[in-house]
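K.L.:
Numbering follows the numbering used here, in which position 223 of the sequence shown is assigned residue number 234; successive positions increment by one, without gaps. For glycine and all other residues, C-beta sits at the position ideal for the given N, C-alpha and C.
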Amino acid sequence: MWFWPKALDALPPQDRVQRYFFVQRTCFAAIGIDPTSIRSTIFNRFLAWIPMFCMLIIIGPMGLYALKYIQTDLDQMASALAPMWQAILSIVKFFLFMWNRKKIVRLVREVWMWSLEVNEKELVLLADEIRYDVYLSMLYASSCCCSAVLATLSPFIVALVYGWKGYGFWDSLEEPFKGVYFVNDKKTIWSYTFWYIWTLFAIHYVVNGTVAIDSLFSWFMRNISAQFQILNLRFQLASDNHNLKEGDNNQPHEDLNKSIIECIKYHQRIIELAEKFNDVYKHLVFVKFLVSCIQLACLTFQFQQGNSIVTQMFNFSFFITATIQLMIYCHGGQRIKDMSLSVSTSLWEHFNWHNLHPKSQKLLLLPLQRSQMPCNLIGIFFVADFNLFVWVFRTAASFMTMMLTVDKK
Numbered sequence: 012m013w014f015w016p017k018a019l020d021a022l023p024p025q026d027r028v029q030r031y032f033f034v035q036r037t038c039f040a041a042i043g044i045d046p047t048s049i050r051s052t053i054f055n056r057f058l059a060w061i062p063m064f065c066m067l068i069i070i071g072p073m074g075l076y077a078l079k080y081i082q083t084d085l086d087q088m089a090s091a092l093a094p095m096w097q098a099i100l101s102i103v104k105f106f107l108f109m110w111n112r113k114k115i116v117r118l119v120r121e122v123w124m125w126s127l128e129v130n131e132k133e134l135v136l137l138a139d140e141i142r143y144d145v146y147l148s149m150l151y152a153s154s155c156c157c158s159a160v161l162a163t164l165s166p167f168i169v170a171l172v173y174g175w176k177g178y179g180f181w182d183s184l185e186e187p188f189k190g191v192y193f194v195n196d197k198k199t200i201w202s203y204t205f206w207y208i209w210t211l212f213a214i215h216y217v218v219n220g221t222v223a224i225d226s227l228f229s230w231f232m233r234n235i236s237a238q239f240q241i242l243n244l245r246f247q248l249a250s251d252n253h254n255l256k257e258g259d260n261n262q263p264h265e266d267l268n269k270s271i272i273e274c275i276k277y278h279q280r281i282i283e284l285a286e287k288f289n290d291v292y293k294h295l296v297f298v299k300f301l302v303s304c305i306q307l308a309c310l311t312f313q314f315q316q317g318n319s320i321v322t323q324m325f326n327f328s329f330f331i332t333a334t335i336q337l338m339i340y341c342h343g344g345q346r347i348k349d350m351s352l353s354v355s356t357s358l359w360e361h362f363n364w365h366n367l368h369p370k371s372q373k374l375l376l377l378p379l380q381r382s383q384m385p386c387n388l389i390g391i392f393f394v395a396d397f398n399l400f401v402w403v404f405r406t407a408a409s410f411m412t413m414m415l416t417v418d419k420k
């Protein structure tokens, strides 16, 4: 891409899979980062730090605005808290990425090089997983962009409506994000323009930084899932080859044993990859699920307040985006868990255990026993799966109910 200079340690292209790493590469490039290069991970410091600095400056006014209305108007408080928590989450993601950037870049390069080793049959499995990753990442990126567009345009749309009703366009014009700003941003048109452009830089950072890191999670997950499927395919091929040679070879189990040993090594390699993946994302997953409860509660609380249609459209779009974000992590953890457990099912299905040599049976017991323990994505205190997805929404509903009760009093 024109805005991404080629690094000295650039990876060989993966031309056999369409749009491989496409969304991740584009969004990381938009914030000046190359997640495939060890030597030049940050290739543009302006894109990496200036938008984030703009976001940091805006978080303070949003927090002060929420504190201002915490006892008098929970609707106003919630309208500031929902985007504020997303901004905080984006900054935490960025700093966790920078803290673990060497581990993450090495992991990206390892997965990338591993994907180049697959044969034609295995490539079909990898391509299917990557296709789902592209669909989900594009959907997530589109949802984030839609929320960003609504956030930037909604002040003007609302002001136009009130201006048409005779209340005055300038008097009705508000900031994209509500906050107690350090200077009067509506003193002149130039001061408002300055803060508006400042906010655009912040939104640019939040959208691209969030999509980049979350879609990278999805990319890792899909590659690990594909490797488990490739392992199952190799076990199946080993069994089929053994059945074909059984009548022609006096000792067919020797060839089978060699194939099983290779599969065991491959299985161990996948498990180590899953553990590395869990190590670099566990803190981010922990913070993500803590924030999501409050964020979803604030958004659903605003649905009950009867705001303007434009504000409700933004809240609904934001809610969909937060839900997709949550689903990426929960579905990812569940997918890795299910695929790691599928190895044992594959071993039972593909091998005729009653006809196997005792040595072959003993070798197969190793992956069979290990596959009984799932590879879990652990966010320090909890496991990311569909159960956690339900728990987050239940907790958010409890918070929303509490806010409604306090608001009525």
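Return the CA-CA distance between Phe404 and Ser250, expressed in angstroms with no decimal places.
P.N.:
In the sequence shown, residue 404 corresponds to position 393, counting from 1. In the sequence shown, residue 250 corresponds to position 239, counting from 1. Going from the Cα of Phe404 to the Cα of Ser250 covers about 45 angstroms.
K.L.:
Rounded to the nearest angstrom, how far is the Cβ of Ile115 from that of Arg233, given a contact under 8 angstroms?
P.N.:
Taking the sequence shown and counting its residues from 1, the one referred to as residue 115 is at position 104. Taking the sequence shown and counting its residues from 1, the one referred to as residue 233 is at position 222. The pair is not a contact, with the Cβ atoms about 16 angstroms apart (cut-off 8 angstroms).
K.L.:
Where Leu379 and Arg280 are concerned, what is the direct C-alpha to C-alpha distance, given to the nearest angstrom?
P.N.:
Counting from one through the sequence shown, the residue named residue 379 turns up at place 368. Counting from one through the sequence shown, the residue named residue 280 turns up at place 269. Whole-angstrom Cα-Cα distance: 16 angstroms.
K.L.:
Met66 and Tyr216: beta carbons closer than 7 angstroms?
P.N.:
Taking the sequence shown and counting its residues from 1, the one referred to as residue 66 is at position 55. Taking the sequence shown and counting its residues from 1, the one referred to as residue 216 is at position 205. Closer than 7 angstroms, so yes.
K.L.:
If you draw a straight line from the alpha carbon of Glu186 to that of Ile214, how long is it in whole angstroms?
P.N.:
As a first step, residue 186 is located in the sequence shown; it is residue number 175 there, counting from the start. As a first step, residue 214 is located in the sequence shown; it is residue number 203 there, counting from the start. For Glu186 and Ile214, the distance between alpha carbons rounds to 13 angstroms.
K.L.:
What residue from Asp20, Arg117, Ala77, Arg112 has the CA that sits closest to Met95's CA?
P.N.:
Along the sequence shown, one-based indexing puts residue 95 at 84. Measuring from the Cα of Met95, the nearest candidate turns out to be Ala77.
K.L.:
Let's test the definition: count the other Cβ atoms within 10 Å of the Cβ of Arg50 and tell me whether it reaches 16, buried, or not, exposed.
P.N.:
Residue mapping note: residue 50 aligns to position 39 of the sequence shown, counting from 1. Arg50 comes out exposed.
K.L.:
Cα separation between Cys386 and Tyr340?
P.N.:
Within the sequence shown, the letter at position 375 stands for residue 386. Within the sequence shown, the letter at position 329 stands for residue 340. For Cys386 and Tyr340, the distance between alpha carbons rounds to 14 angstroms.
K.L.:
Can you tell me which of the three DSSP states Ile241 falls into?
P.N.:
Residue 241 sits at position 230 when you count from the first residue of the sequence shown. Three-state result, Ile241: helix.
K.L.:
If you compare alpha carbons, which of Ser126, Ser148, Met149 is closest to Gln240?
P.N.:
Here residue 240 refers to the residue found at position 229 when the sequence shown is read from its first residue. Measuring from the Cα of Gln240, the nearest candidate turns out to be Ser126.
K.L.:
Tell me the DSSP secondary structure of Val296 in three-state form.
P.N.:
Locating residue 296 in the sequence shown gives position 285, counting from the first residue. Looking at Val296 - three-state DSSP - the assignment turns out to be helix.
K.L.:
Buried or exposed: where does Tyr178 fall if 16 or more other Cβ atoms within 10 Å of its Cβ makes it buried?
P.N.:
Indexing the sequence shown from 1 puts residue 178 at position 167. Exposed, because fewer than 16 other Cβ atoms sit within 10 Å of the Cβ of Tyr178.
K.L.:
Taking Val321 and Val169 to be in contact with their CB atoms under 8 angstroms, please state how far apart those CB atoms are, rounded to whole angstroms.
P.N.:
The residue labelled residue 321 in the question sits at position 310 within the sequence shown. The residue labelled residue 169 in the question sits at position 158 within the sequence shown. At roughly 5 angstroms, the Cβ-Cβ gap stays under 8 angstroms, so Val321 and Val169 are in contact.
K.L.:
In the DSSP assignment, what are the bridge partners of Val354?
P.N.:
As a working note, residue 354 is residue 343 in the sequence shown. Beta-bridge pairing links Val354 to no other residue.
K.L.:
Just how far apart, CA to CA, sit Thr221 and Thr334?
P.N.:
Translated into positions along the sequence shown, residue 221 becomes position 210. Translated into positions along the sequence shown, residue 334 becomes position 323. Roughly 14 angstroms separates the two Cα atoms.
K.L.:
Roughly how many whole angstroms lie between the Cα atoms of Cys38 and Ala223?
P.N.:
Walking along the sequence shown from the start, residue 38 turns up at place 27. Walking along the sequence shown from the start, residue 223 turns up at place 212. C-alpha separation (whole angstroms): 5 angstroms.
K.L.:
Which whole runs of the alpha helix (DSSP H) in the stretch 91-120 are 4 residues long or more, in chain order?
P.N.:
Qualifying alpha helix (DSSP H) stretches: none in this window.
K.L.:
Could you check what DSSP says for Val222 in three-state terms: helix, strand or coil?
P.N.:
Working through the sequence shown from its first residue, we reach residue 222 at position 211. Of the three classes helix, strand and coil, the one that applies to Val222 here is helix, per DSSP.
K.L.:
Is DSSP giving Ile44 helix, strand or coil here?
P.N.:
Counting from 1 along the sequence shown, the entry for residue 44 is found at position 33. If DSSP states are grouped into helix, strand and coil, Ile44 belongs with the strands.
K.L.:
Tell me where the alpha helix (DSSP H) around Trp175 begins and ends.
P.N.:
Taking the sequence shown and counting its residues from 1, the one referred to as residue 175 is at position 164. Residues 131-175.
K.L.:
Apart from the five residues on each side of it in sequence, which residues of its chain come closer than 7 angstroms, Cβ to Cβ, to Ile282?
P.N.:
Here residue 282 refers to the residue found at position 271 when the sequence shown is read from its first residue. The answer, listed in chain order, is Cys386.
K.L.:
Need the endpoints of the alpha helix (DSSP H) that Thr52 sits in, please.
P.N.:
Here residue 52 corresponds to residue number 41 of the sequence shown, with the count starting at 1. Here Thr52 belongs to no alpha helix (DSSP H), and DSSP marks it neither H nor E.
K.L.:
How should Phe64 be labelled, buried or exposed, when 16 other C-beta atoms within 10 angstroms of its C-beta is the threshold for buried?
P.N.:
The residue labelled residue 64 in the question sits at position 53 within the sequence shown. When all chains shown are included, Phe64 counts as exposed.
K.L.:
Output needed for Ser270: all residues of its chain with C-beta closer than 6 angstroms, excluding positions within five of it in sequence on either side, in chain order.
P.N.:
Position 259 of the sequence shown, counted from the first residue, corresponds to residue 270. Taken in chain order, the residues that qualify are Ala249.
K.L.:
Hey, Ser229 and Asp139: beta-carbon distance below 7 angstroms or not?
P.N.:
Taking the sequence shown and counting its residues from 1, one reaches residue 229 at position 218. Taking the sequence shown and counting its residues from 1, one reaches residue 139 at position 128. Not closer than 7 angstroms, so no.
K.L.:
Does the Cβ-Cβ distance between Leu310 and Phe288 come in under 7 angstroms?
P.N.:
Locating residue 310 in the sequence shown gives position 299, counting from the first residue. Locating residue 288 in the sequence shown gives position 277, counting from the first residue. No, they are not a contact pair.
K.L.:
Less than 7 angstroms between C-beta atoms, sequence neighbours within five positions excluded: which residues of the same chain meet that for Gln306?
P.N.:
By 1-based counting over the sequence shown, the position of residue 306 is 295. Taken in chain order, the residues that qualify are Ala93, Trp96, Gln97, Ala333.
K.L.:
Taking buried to mean at least 16 other C-beta atoms within 10 Å of its own C-beta, is Ile70 buried or exposed?
P.N.:
The count along the sequence shown starts at 1 and reaches residue 70 at position 59. Under this definition Ile70 is a buried residue.
K.L.:
Nearest to Leu85 by alpha carbon, out of Leu388, Gln313, Asp20, Tyr146?
P.N.:
For this step, residue 85 is matched to residue 74 along the sequence shown. Ranking Leu388, Gln313, Asp20, Tyr146 by Cα distance to Leu85 puts Gln313 first.
K.L.:
Using the DSSP secondary-structure output, state which residues sit across from Val394 in a beta bridge.
P.N.:
Position 383 of the sequence shown holds residue 394. The partner list for Val394 (beta bridge, DSSP) reads Ile389.
K.L.:
I'd like to check one pair, Ile275 with Leu377: are the Cβ atoms closer than 7 angstroms?
P.N.:
One-based indexing of the sequence shown puts residue 377 at position 366. One-based indexing of the sequence shown puts residue 275 at position 264. Against a cut-off of 7 angstroms, the Cβ pair of Ile275 and Leu377 comes out as a contact.
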